[in-house]
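Q:
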Amino acid sequence: MHRAPRGWCARFRGAAVSLALFASACLVPQPPERAATTARELNLAARFGRIDVAGSLTAEKERADFLARRAAWGREVRIVDVELAGLEMRGADRAEVQVDYAWMRIDENIVRTTRVAQDFRDAGRGFQLIAERCIGGDRGLFGEPVPAAKATAPAQRRDVQFETKIIR
Numbered sequence: 010m011h012r013a014p015r016g017w018c019a020r021f022r023g024a025a026v027s028l029a030l031f032a033s034a035c036l037v038p039q040p041p042e043r044a045a046t047t048a049r050e051l052n053l054a055a056r057f058g059r060i061d062v063a064g065s066l067t068a069e070k071e072r073a074d075f076l077a078r079r080a081a082w083g084r085e086v087r088i089v090d091v092e093l094a095g096l097e098m099r100g101a102d103r104a105e106v107q108v109d110y111a112w113m114r115i116d117e118n119i120v121r122t123t124r125v126a127q128d129f130r131d132a133g134r135g136f137q138l139i140a141e142r143c144i145g146g147d148r149g150l151f152g153e154p155v156p157a158a159k160a161t162a163p164a165q166r167r168d169v170q171f172e173t174k175i176i177r
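According to the numbering used here, the sequence shown is numbered sequentially starting from 10.
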């Protein structure tokens, strides 16, 4: 019986491990990863004024409402930060993503926060936004009428600095 050289097994094992690692890198992203990527791209594009990109990630039936809700962004509302707060898969083709927005009105210096739930669906062309709703935080992100914060006069304060002495 003829034996294979000892180095052959080690080389074969190394090649098999390399092939397995290479094959795992070529796998198609799973639905949760694709949903999170779409949600991140949509919200970052909308934050930075790329409404055309964000609109392309929205379902056709929802697109007009999506654009109307963001009509004041950049003019009356400034988006300070966007953060994905959670993702829940509801089947292989549906996902709910919770997004936290930090924003402020252009005429105020108060940072507000709002949590929005966004529903995504994969209809064969990748995940698209099909609905969204505010579920917490401050109202006004999507143009809802909210009274502006009242400006308060600064309180009269006694000067707390040490008295300046000049030495000559």
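Beta carbons: idealized from backbone N, C-alpha and C, even for Gly.
Cβ of asparagine 138 within 8 Å of Cβ of phenylalanine 129?
A: Translated into the one-based positions of the sequence shown, residue 138 becomes position 129. Translated into the one-based positions of the sequence shown, residue 129 becomes position 120. Going by the sequence as given, residue 138 is leucine instead of asparagine. Result yes, Cβ atoms of leucine 138 and phenylalanine 129 sit closer than 8 Å.
Q: My output table needs one value for alanine 104: the three-state DSSP class, helix, strand or coil.
A: Position 95 of the sequence shown, counted from the first residue, corresponds to residue 104. Looking at alanine 104 - three-state DSSP - the assignment turns out to be strand.
Q: Pull up the CB-CB distance for glutamate 141 and valine 125, whole angstroms please, since I reckon it's below 8 Å.
A: In the sequence shown, counting from the first residue as 1, residue 141 sits at position 132. In the sequence shown, counting from the first residue as 1, residue 125 sits at position 116. Rounded, the Cβ-Cβ distance is 6 Å, consistent with contact.
Q: Going by DSSP, what residue range makes up the alpha helix (DSSP H) through phenylalanine 129?
A: Sequence index remark: in the sequence shown, residue 129 carries index 120 (1-based). Run containing phenylalanine 129: none in the alpha helix (DSSP H); it sits in the beta strand (DSSP E), 121-131.
Q: Just confirm the distance between the C-beta atoms of phenylalanine 75 and glycine 64, as a whole number of angstroms; I'd bet it's less than 8 Å.
A: Here residue 75 corresponds to residue number 66 of the sequence shown, with the count starting at 1. Here residue 64 corresponds to residue number 55 of the sequence shown, with the count starting at 1. Sure, about 7 Å apart at Cβ, within 8 Å.
Q: So what does aspartate 109 bridge to, in DSSP terms?
A: Your numbering for residue 109 matches position 100 in the sequence shown. In the DSSP output, where bridge partners are listed per residue, aspartate 109 has Glu92, Arg124.
Q: Could you round the C-beta distance between arginine 87 and tryptophan 112 to whole angstroms and report it? I think they count as a contact, below 8 Å.
A: Here residue 87 refers to the residue found at position 78 when the sequence shown is read from its first residue. Here residue 112 refers to the residue found at position 103 when the sequence shown is read from its first residue. Contact flag correct, Cβ pair sits at about 6 Å.
Q: Nearest-angstrom Cα distance between arginine 22 and leucine 96?
A: In the sequence shown, the residue the question calls residue 22 occupies position 13. In the sequence shown, the residue the question calls residue 96 occupies position 87. Straight-line Cα distance between these residues: approximately 39 Å.
Q: With DSSP collapsed to three states, give me the class of isoleucine 139.
A: By one-based count along the sequence shown, residue 139 stands at place 130. In the structure shown, isoleucine 139 sits in a strand (DSSP, three-state: E or B).
Q: Terminal residues of the continuous alpha helix (DSSP H) containing leucine 66?
A: Your numbering for residue 66 matches position 57 in the sequence shown. Neither: leucine 66 is in no alpha helix (DSSP H) and is coded neither H nor E.
Q: Rounded to a whole number of angstroms, what is the C-alpha to C-alpha distance between arginine 121 and glycine 100?
A: Residue mapping note: residue 121 aligns to position 112 of the sequence shown, counting from 1. Residue mapping note: residue 100 aligns to position 91 of the sequence shown, counting from 1. Taking the straight line joining both Cα atoms gives about 33 Å.
Q: Let's test the definition: count the other Cβ atoms within 10 Å of the Cβ of threonine 47 and tell me whether it reaches 16, buried, or not, exposed.
A: Taking the first residue of the sequence shown as position 1, residue 47 is located at position 38. The residue is buried, with at least 16 neighbouring Cβ atoms inside 10 Å.
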